[in-house]
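In the numbering used here, the protein residues as written are 98 to 275. Data block below; observations after.
Given below as structure tokens:
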């Protein structure tokens, strides 16, 4: 993928990272449950690579916070780090996992990124930004149970969108036709 196309994909995904949460936050509590900002960051990493994914993970929450106040300032550092990890790891895994099956490659990359991002976000909140106010049980309840609808949404939406972008010719094919 050309560098211009990568920048365009990252910019569109960063913009979606601002707009999607605004739509979800129309319903109180929906942002925390559905995790809408995560979707375009993960998609960007999968289709445009680790640098574009990480850049989107950095820009989306920072710009969203500046423009809309979401995420709130106390949540911004840990959420930004978590989203950078999502974009970076999804891109790294996507560039290395080669099973011969596009959908399987993308799901392996997505799940790996979801685990890494959740661990980093949870550790940062528990250990650094909330110094001692989180136990392992609180982390599990807050990060896994509260975000369960968002986790299901990520599994249902991210890979099909990445596959659709590839099939539409909007991103480079993983396995070019011979």
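We treat Cβ as the ideally placed atom computed from N, Cα and C, and that holds for glycine. All values reported here derive from a predicted model rather than from experimental measurement.
Taking the CA atoms as reference points, residue 271 sits about 13 angstroms from residue 188. By the C-beta density criterion, residue 118 is buried, having at least 16 other C-beta atoms within 10 angstroms. Here DSSP, grouped into helix, strand and coil, assigns residue 272 to coil.
By the Cβ-count criterion, residue 191 is buried, with 16 or more other Cβ atoms from all chains shown falling within 10 Å of its own Cβ. The distance from the Cβ of residue 138 to that of residue 157 is about 6 angstroms, consistent with a contact at the 8 angstroms cut-off.
Here residue 246 carries a helix assignment [DSSP, helix/strand/coil].
Closest in C-alpha terms to residue 248, from the list 101, 113, 208, comes 208.
CA-to-CA, the gap between residue 217 and residue 237 works out to about 13 angstroms.
Counting other Cβ atoms within 10 Å of its Cβ, residue 171 stays below 16 and is therefore classed as exposed.
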